[in-house]
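In terms of our numbering, the sequence shown is residues 56 to 297. Report on the structure given below.
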Amino acid sequence: MGTRGNEAADRGEWMDQQIRDEQREREQARKRNRMRRRKQIRRRRICFLVLLALIAGGVMGLLNRDRPSPEAPAVAEINGIPVIQDYIAEGTPGRPGTKKKVKFIVIHETGNTGSNANAASHAAYLKTEAETEAKSWHYTVDDHEIYHHIPDNEVAFHAGDQLKEDGGNLNGIGIEMCVNPENDYDQTLKNTAALTAHLMKAYKLSIEDVKKHQDFSGKNCPENLIESGRWDEFIELVKASQ
Ligand SMILES: [Zn+2]
C-alpha cells in the first residue's frame, strides 16, 4: 500500500513537472512570437520611412528640375580681367526677362572682323539691337574685358534654336568671343576659358555642359575655333582654369 502510495505521489509530481515544462515552453514560444512581431513592425516601419524618403526625394527632384537657377553674385573681375555689367533693357525683344535654369555654356564667335569690334562696342550694339530684335547673348569677351549683357538665368537668343526644350537659348549662357583685327585671339581664348570655368563653378556644371553654338543649330560657330581644330585645346584651357 505504502509503495503504491509513493508511486502515485511520484506520478503526480511527474505530471506537475510536465505541466510546468509545457507552461514554460508556451511562455517561451509567446515571448519568441512577441519578439518576431516587434522585429517585423520595426522592419516595416524602416521600409515605410525609406519609401517615404524616396518619394519625397523624387517629388523634390521633379519640382527642382526646371526651376530657374538663382543668379550667381556679380563679380568685378575674373583672373584679373574686368567684368563690366552693362545690361540691356528688360522687357525688350532681346531680353524678355524669362527666367531659366542654367544647364549649358554656349561658346560663340562674333564673326565680326570689323575694326574695333571689341566687347565694349558689342555691348553698345546689343542695347540698340535688343530694342527691335530677339537677338542677344549673355557675355562678350575680348583680350582685355568681359561685358555682361543679360543676367545668366534669363533667356537670350544666340543658339538659333528658338525656345526648344533642351536647346541652347532656353538653357544656355551664351558667350561671344571677339575676332576683330586688333584683338589678341589667344588671350581672348584664355579669358573666355576663365569666364567659362567661373560659370561652371557658379552653376555646378561639368565640362560636358560646355558646348559650341554648332551643337544646337549646326551653324559653323565658333568658326575660327572649329576651323583651326582648337576646340579640344579650348576645353583643356577651361579645365586648367578651374
Ligand atoms: Zn554663334
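Yeah, the Cβ is synthetic: ideal placement off N, Cα and C, and Gly gets one too. As the structure is a prediction and not an experimental result, all values here were calculated from the model.
_Does the distance between the C-beta of HIS177 and the nearest non-hydrogen atom of ligand 1 fall short of 6 Å?_
Mapped onto the sequence shown, residue 177 falls at position 122. Checking every heavy atom of ligand 1 against the Cβ of HIS177, none is found closer than 6 Å.
Worksheet item: Should THR243 and ASP198 be called a contact, given that it needs their Cβ atoms to be closer than 7 Å?
Response: Translated into positions along the sequence shown, residue 243 becomes position 188. Translated into positions along the sequence shown, residue 198 becomes position 143. Contact: yes.
- Does GLU220 get closer than 7 Å to chain B when you measure Cβ to Cβ? In the displayed structure, chain B is absent; only one protein chain is listed.
Report the residue ranges of all beta strand (DSSP E) runs contained in full by the region 215-245; include only those spanning at least 3 residues, in chain order.
Unbroken beta strand (DSSP E) runs of no fewer than 3 residues, entirely contained in the region 215-245, are found at 227-232, following chain order.
Exercise. Go ahead and label MET232 buried or exposed: buried means 16 or more other beta carbons lie within 10 angstroms of its beta carbon, across all protein chains shown.
Key: The residue you call residue 232 lines up with position 177 of the sequence shown. So MET232 counts as buried.
| With 16 as the cutoff for other CB atoms within 10 Å, does GLN297 come out buried or exposed? | To locate residue 297, count along the sequence shown from 1; it is residue 242. With fewer than 16 Cβ atoms within 10 Å of its Cβ, GLN297 is classed as exposed.
Discussion item. Between which two residues does the beta strand (DSSP E) holding ILE205 run?
Written reply: What you label residue 205 is simply residue 150 of the sequence shown in a count that begins at 1. From DSSP, ILE205 is part of no beta strand (DSSP E); its letter is neither H nor E.
field: Nearest-angstrom beta carbon gap, ALA178 and THR195 [assumed within contact, 8 Å]
entry: Here the question's residue 195 lines up with position 140 in the sequence shown. Here the question's residue 178 lines up with position 123 in the sequence shown. The Cβ separation is near 7 Å, so the contact holds.
Environment of PRO125 [buried if 16+ CB atoms lie within 10 Å] = In the sequence shown, the residue the question calls residue 125 occupies position 70. That one is exposed.
* **Cβ distance (whole Å) where ASN173 is taken to contact VAL234 below 8 Å** => On the sequence shown, residue 173 is found 118 positions in, with the first residue counted as 1. On the sequence shown, residue 234 is found 179 positions in, with the first residue counted as 1. Contact flag wrong, Cβ pair sits at about 10 Å.
Exercise for review: Look at the Cβ atom of LEU254, then the Cβ atom of ILE201, and state whether they are nearer than 7 Å.
Suggested key: As a position in the sequence shown, residue 254 is number 199, starting the count at 1. As a position in the sequence shown, residue 201 is number 146, starting the count at 1. No, the Cβ-Cβ distance between LEU254 and ILE201 is not below 7 Å.
*With a 10 Å radius around its C-beta and 16 neighbouring C-beta atoms as the bar for buried, classify ALA214 as buried or exposed.*
Taking the first residue of the sequence shown as position 1, residue 214 is located at position 159. Using a 10 angstroms sphere on the CB of ALA214, the tally of other CB atoms reaches 16 or more, which defines it as buried.
### Message
Which same chain residues end up closer than 6 Å to LYS158 when comparing Cβ atoms and leaving out the 5 residues on each side of it in sequence?
### Response
Here residue 158 is taken as the residue at index 103 of the sequence shown, counted from 1. Taken in chain order, the residues that qualify are ASN226.
If I measure Cβ to Cβ from TRP192 and keep anything under 6 Å in the same chain, skipping five residues before and after, which residues do I get?
As a working mapping, residue 192 is identified with position 137 in the sequence shown. Within the same chain, ALA211, HIS213, GLY229 and GLU231 come within 6 Å of TRP192 by CB-CB distance, once the 5 residues on both sides are set aside.
query = Any chance the region 98-118 sits against the region 265-277, with 3 or more Cβ pairs inside 8 Å?
reply = no
Could you check whether ARG150 and ALA127 sit closer than 7 Å to each other, using their CB atoms as the reference points?
Stepping through the sequence shown from its first residue, residue 127 is reached at position 72. Stepping through the sequence shown from its first residue, residue 150 is reached at position 95. In this structure, ARG150 does not lie closer than 7 Å to ALA127 by Cβ.
**Item:** Where SER147 falls: helix, strand or coil (DSSP)
**Value:** Against the sequence shown, residue 147 aligns to sequence position 92. Checking the sequence, you will find Thr at residue 147 rather than Ser. THR147: strand per DSSP, three-state reduction.
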